[in-house]
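Those protein sequence lines, which keep their order, are chains Z and H. Mapping of the first sequence onto numbering that gives the first Met the number 0: position 209 corresponds to residue 208, and the numbering continues sequentially without gaps. Mapping of the second sequence onto numbering that gives the first Met the number 0: position 89 corresponds to residue 88, and the numbering continues sequentially without gaps.
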Amino acid sequence: MKHRLGHMGELHKVSAIIRRFALLVLVLASFCLMLLGKADNVIAERVGTYVTDMFSVLVEQMARPAAIVSDVVNNTLELAHIRIENVKLREKNMRLLKWQSAARKLEAQNIQLRNILNFVPAPETSYITGLVIADTGGAFAHSFISNVGKAHGVKKGHAVITGDGLVGRIAMTGKKSSRILLVTDINSRIPVLVESTRAKAVLAGDNTKQPLLMYLGRNAQVSIGDRITTSGHAGAFPSGLPIGIVSSINDREVRVRLFMNRSRLEYVRIVDYNLSAILQDIDSDKRIGE
Amino acid sequence: MKPTFLHRLALFSRRLVPMEITILLLLISILPLRIPEYSLIKPAWVMISVFYWSIHRPDLFGQGSAFSAGLLLDLFEGSPLGVNALIFLMIYTLVLTQRRFFIGKPFGVSWWGFSMVAAAAMFGQWFLVSLIYGQITPIKIIAFSYLFTVGLYPVVGWICAKTQSSVLNEV
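Quick look at the structure:
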C-alpha cells in the first residue's frame with residue numbers, strides 16, 4: 000500500500016512538472032506570436048483568414064436571428080415617427096427632383112465639353128455588395144467581417160463604402176469572407192483633403208469614434224464643419240469619397256465626425272476602382288515602349 | 000460492465016462542453032448587434048467563461064484551452080496576435096492558485112474575485128496592445144468595457160453554472 004502511495008506521489012510530481020513546463024512553453028508561444036504578428040504579418044494574416052473563412056458560414060447563420068431582433072426593435076421605434084418622417088421625405092423628394100433636373104442639364108453639358116476637349120474618362124468602377132456578418136471590433140481593434148471574398152472578386156485594399164460615406168478598406172480576403180478595417184481602427188491611415196481649402200492631411204484612427212486629422216500643413220486652414228474627403232494620394236482610394244466633417248479643433252488635435260453610422264451598418268459596397276488595371280496598363284505600355 | 004463505445008463518446012463530448020461554451024460566447028461576442036456604442040465598449044464575454052471554468056472545472060478546461068480560446072479571439076478580432084492568449088493563460092494560472100478560496104463560497108465572492116482579476120487582465124491587455132502598437136490606446140474605452148464586463152458576469156456565470164449542473168454533473 001505504501002509503495003502504491005509513493006508511486007502515486009511520484010506520478011503527481013511528474014504531472015506537476017509537465018504542467019509547469021507546458022505553461023512555460025505556452026507563455027513563450029504567446030510572446031513569439033506577438034513578435035510574429037509585429038514582424039511578419041503574412042503568416043498571421045493567412046491563419047486569420049483561414050479561421051474566419053471556416054467560421055463565416057456559422058457566424059452568418061447566427062447573425063440572421065440577431066438581425067431580425069434588431070430589425071424588429073428598429074421598426075417599432077420608427078413606427079412612432081412615421082408621420083413626421085413622411086412629411087420630411089416629401090419635402091426632401093421635391094428638393095431632390097429639382098437637383099435631378101439640374102444634374103441632367105449639367106450631365107448633358109459635361110458630355111459636350113468632354114467631346115470638345117477629348118477628355119479621357121476615368122476607368123469604370125465595379126461594386127460588390129456584401130453583408131456585414133460579424134462586428135469583430137472591441138476596445139483594441141475596429142473591424143467587420145463581410146460575407147464576400149476572393150470568390151466574389153474582393154481584393155485586399157478595396158475601398159468599402161455605404162450611402163453615407165467611406166467605411167474602411169479590405170484588410171484580408173478569404174475565399175468567402177473578408178475583413179474590413181474601419182477608418183476608426185488604430186492601424187488605419189488614409190490620405191485625405193479638406194474639401195473647401197484642398198489642404199492635404201492624413202486621417203488616422205485611434206480606436207475612438209472620431210479619428211484624428213494628422214500631418215496638416217502649418218498654414219492649412221481648417222474650421223469646424225469642413226467636409227473631409229479622400230484625396231486619392233498613395234493610390235489606395237480614388238479621390239472625392241466623402242468621409243466626415245471636422246467636429247473639434249484644439250491646440251493638439253483636430254477630430255473628424257464620420258458620416259457612416261457604425262451601429263446601422265448592414266450592407267456595404269466594396270468598390271473596385273480598377274486602379275490596379277491602370278497600373279497594369281502603364282506597365283504594358285512601358286514594355287511596348289522598350 | 001464495460002462502457003459501450005457510444006457511452007464513451009457521449010462522455011468525451013461532455014468533457015468538451017466548457018470549451019464549446021467558450022467558443023459559443025466568442026461567436027455571440029462578434030454578432031453584429033447594431034446597438035449604438037455597443038461595439039466600442041464591448042464586454043469581454045470570453046474572459047468571463049475562462050475565469051468561470053478555471054475555478055469550477057480546471058480538469059476539463061486546462062492551460063491549452065485557455066491559450067487556444069485567447070488565440071482564437073485574437074484571430075477573430077484582428078487584435079495583436081498572442082495578447083489574449085497570454086492574458087487568458089495568466090488568468091487561468093492565477094485563478095488556479097486561488098481556487099480553494101472561491102469554491103463553495105457565495106456568488107458575491109466570485110463576482111468580487113472576477114472584478115479584481117478582470118481589472119488586472121484588462122490593464123495587462125491595454126499595456127501589451129499599447130506596447131505593440133507603439134502608441135497609447137485610449138484607456139477610457141477600456142474602463143467602460145471593464146464595467147460592462149463586470150456587470151455581465153452574473154448573466155454569463157449563471158449560464159455556465161446551469162450548464163455545469165445539468166450536463167457536467169456526472170463527468
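C-beta atoms are modelled at their ideal positions from N, C-alpha and C, and glycine is treated no differently. Fair warning: this is a prediction, and the values are worked out from it, not measured in the lab.
- At a beta-carbon threshold of 9 Å, the residues of chain H lying near Z/LEU57 are LEU26, ordered along the chain.
- Beyond the five residues adjoining it in sequence on each side, Z/ARG188 comes within less than 6 Å, by CB distance, of VAL201, ALA203 in the same chain, given in chain order.
- By the Cβ neighbour-count rule, H/PRO105 is exposed, with fewer than 16 other Cβ atoms within 10 Å of its own.
- The alpha-carbon of H/PRO17 is positioned some 27 Å away from that of H/PHE143.
- Bridge partners of Z/ILE169 according to DSSP: Z/ILE179.
- The three-state secondary structure of Z/ASP250, taken from DSSP, is coil.
- By the Cβ rule, the segment 134-154 of chain Z does not count as touching the segment 246-256 of chain Z, because fewer than three pairs are nearer than 8 Å.
- Z/ILE67 counts as exposed, since fewer than 16 other beta carbons sit within 10 angstroms of its beta carbon.
- Within its own chain, the residues whose Cβ lies closer than 8 Å to the Cβ of Z/GLY47, once the five positions on either side in sequence are excluded, are MET171, ARG178, listed in chain order.
- Taking a C-beta cut-off of 7 Å against chain H, the contacting residues of the segment 203-215 of chain Z are ASP205, ASN206, THR207, LYS208, listed in chain order.
- Counting only runs of 4 or more residues that sit fully inside the segment 40-94 of chain Z, the alpha helix (DSSP H) segments are 40-79, in chain order.
- One finds ALA138, PHE139 in chain Z with Cβ atoms closer than 9 Å to the Cβ of H/GLN124, taken in chain order.
- The C-beta of H/GLU19 comes no closer than 8 Å to any C-beta of chain Z.
- Three or more beta-carbon pairs separated by less than 8 Å are not found between the segment 58-65 of chain H and the segment 124-135 of chain H, which leaves the two stretches without contact.
- Contact with chain Z is absent for H/GLN97, since none of that chain's Cβ atoms lies less than 8 Å from the residue's Cβ.
- By the rule that beta-carbons nearer than 8 Å mark a contact, H/PRO153 does not touch chain Z.
- Uninterrupted beta strand (DSSP E) stretches at least 3 residues long and entirely within the segment 72-146 of chain H do not occur.
- In this structure, the CA atom of Z/SER55 is about 13 Å from the CA atom of H/LEU74.
- The beta carbon of H/THR162 sits closer than 7 Å to those of VAL16, ILE20, all from its chain and outside the five residues before and after it, given in chain order.
- Comparing alpha-carbon positions, the option among H/PHE50, H/ILE135, H/THR96, H/LYS41 lying closest to H/TRP111 turns out to be H/PHE50.
- Z/VAL46 has a beta carbon lying within less than 8 Å of a beta carbon in chain H.
- For the pair Z/ALA107 and Z/GLY231, the Cα-to-Cα distance works out to about 26 Å.
- Rounded to whole angstroms, the separation of the alpha carbons of H/GLU169 and Z/LEU165 is 54 Å.
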